[in-house]
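Number of protein chains: 2
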Amino acid sequence: MHKSVMDITTLSALAEPNRMNIVQLLRDGPLTVGEIADRLGLRQPQASKHLKVLSDSGIVEVRVDANRRIYKLRSEPFQAMDYWVQSFRHIMEDRFDNLDNYLRELQNKEKP
Amino acid sequence: MHKSVMDITTLSALAEPNRMNIVQLLRDGPLTVGEIADRLGLRQPQASKHLKVLSDSGIVEVRVDANRRIYKLRSEPFQAMDYWVQSFRHIMEDRFDNLDNYLRELQNKEKP
DNA sequence: TTTAAATATTCCTTGACACGAATATTCCCA
DNA sequence: TGGGAATATTCGTGTCAAGGAATATTTAAA
């Protein structure tokens, strides 16, 4: 039984502004390196480097088209994130948080 | 109209193994610094430092109980992550990816 | 009031990484 | 075949963050 282990690599790849922007951009469809660099105001080498990080972490995949590389998002990392976040549903619906705290406080008081 | 902007701070806070472990641990309920350090085999100062990062990023909140600090997860970051990941639903349900690719390929071929 | 427990903070060192600049590689086409 | 376009890679540099060790702070209890 695996208890929803989130891959650190995915998160650290996303935890960089330029790469996050690239991912948001690719949400609307695949793009070439040049298009990505243009739209985000990046220099081509930086774009390539960030795309390599995203590719190594499995967030992005590349399709070679002659001269150009077309990058697109892969589904798996997002499915994994979704699955992981869902393991915190009981945290997200904090309707019972006050009750939980109250019960916990009671338990603490009677354990000196 | 905000297009689901994910906070980088949240991601970089989670993109560290020890902090990820802390978060996974707190999923089962609030804990004190000492308990967290014990269960994860961390030294107390490191645990405190990581908890500070988690606290500064809003992932965790603290309740002061005399000598001890009880840390618990906050709901907002996870709700935000959930919302953000959901903006990639069309990526996650890759049922039509093959069709998409096919159509896109066709379009590329006829644009020399 | 002194002592011990729980936690936070500081200082230092080291390693990772992002950027810029330059260069290498691959491919198409005239 | 040579040249230009698109992309990747390398190298050097500066910054930032994590760990270790030591210390400061707060609180309860004797």
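For the record, the sequence lines run as chains A and B. With the first sequence counted from 1, adding 356 to any position gets you our numbering. With the second sequence counted from 1, adding 356 to any position gets you our numbering. Glycine included, every Cβ here is placed at the ideal spot set by N, Cα and C.
Could you name the residues of the same chain whose beta carbon sits closer than 8 Å to that of residue i, not counting the 5 residues immediately before and after it, in chain order?
i	result
GLN400 (chain A)	VAL389, GLY390, ALA393
LEU398 (chain A)	ASN374, ILE392, HIS406
Alpha carbon to alpha carbon, what distance is there between residue j and residue i?
i	j	result
SER411 (chain A)	PHE434 (chain A)	14 Å
ILE447 (chain A)	GLU432 (chain B)	9 Å
ALA403 (chain B)	VAL379 (chain B)	12 Å
VAL441 (chain B)	GLN442 (chain A)	11 Å
ASP365 (chain B)	ALA371 (chain B)	Inspection of the sequence shows that residue 365 (chain B) is occupied by Thr rather than by Asp. Each residue's alpha carbon lies about 10 Å from the other.
VAL361 (chain A)	ASP438 (chain B)	16 Å
ASP418 (chain B)	ARG424 (chain B)	One detail in the question is off: residue 418 (chain B) reads as Val in this sequence, not Asp. Spanning the two alpha carbons is a distance of roughly 10 Å.
ALA344 (chain B)	LEU367 (chain B)	This structure gives no information on residue 344 (chain B), because the portion of chain B shown stretches from 357 to 468.
GLU449 (chain B)	GLU449 (chain A)	25 Å
Run down chain B in chain order and give the residues with a C-beta less than 7 Å from the C-beta of residue i.
i	result
ASP438 (chain A)	VAL441, MET448
SER368 (chain A)	ALA371
GLN435 (chain A)	MET448
Sorted by chain position, which residues of the same chain lie with C-beta nearer than 7 Å to residue i's C-beta, five sequence neighbours on each side aside?
i	result
LYS408 (chain B)	none
ASP363 (chain A)	ALA436
ARG395 (chain A)	LEU381
ALA369 (chain B)	ARG375, VAL409, LEU410, SER413, ILE415
Using a Cβ cut-off of 7 Å, pull out every chain A residue sitting near residue i, in sequence order please.
i	result
PRO373 (chain B)	ILE364
For residue i, which residues from the same chain have a beta carbon less than 6 Å from its beta carbon, with the 5 sequence-adjacent residues on both sides left out?
i	result
PRO386 (chain A)	ILE426, LYS428
ASN377 (chain B)	LEU396
Report the CB separation of residue i from residue j in whole angstroms; it is logged as a contact under 8 Å.
i	j	result
ARG430 (chain A)	VAL416 (chain A)	6 Å
ARG383 (chain A)	PHE444 (chain B)	6 Å
Just the chain A side, please: which residues come within less than 9 Å of residue i by C-beta, in chain order?
i	result
LEU429 (chain B)	PHE444, ILE447
- Residue ranges of each beta strand (DSSP E) run of no fewer than 3 residues wholly in the stretch 392 to 436 of chain B, ordered along the chain? Listed in chain order, the complete beta strand (DSSP E) runs (minimum 3 residues) inside the stretch 392 to 436 of chain B are 416 to 421, 424 to 429.
- Item | Runs of alpha helix (DSSP H) wholly within the stretch 358 to 389 of chain A (minimum 4 residues, chain order) | The stretch 358 to 389 of chain A contains these whole alpha helix (DSSP H) runs: 364 to 370, 373 to 382.
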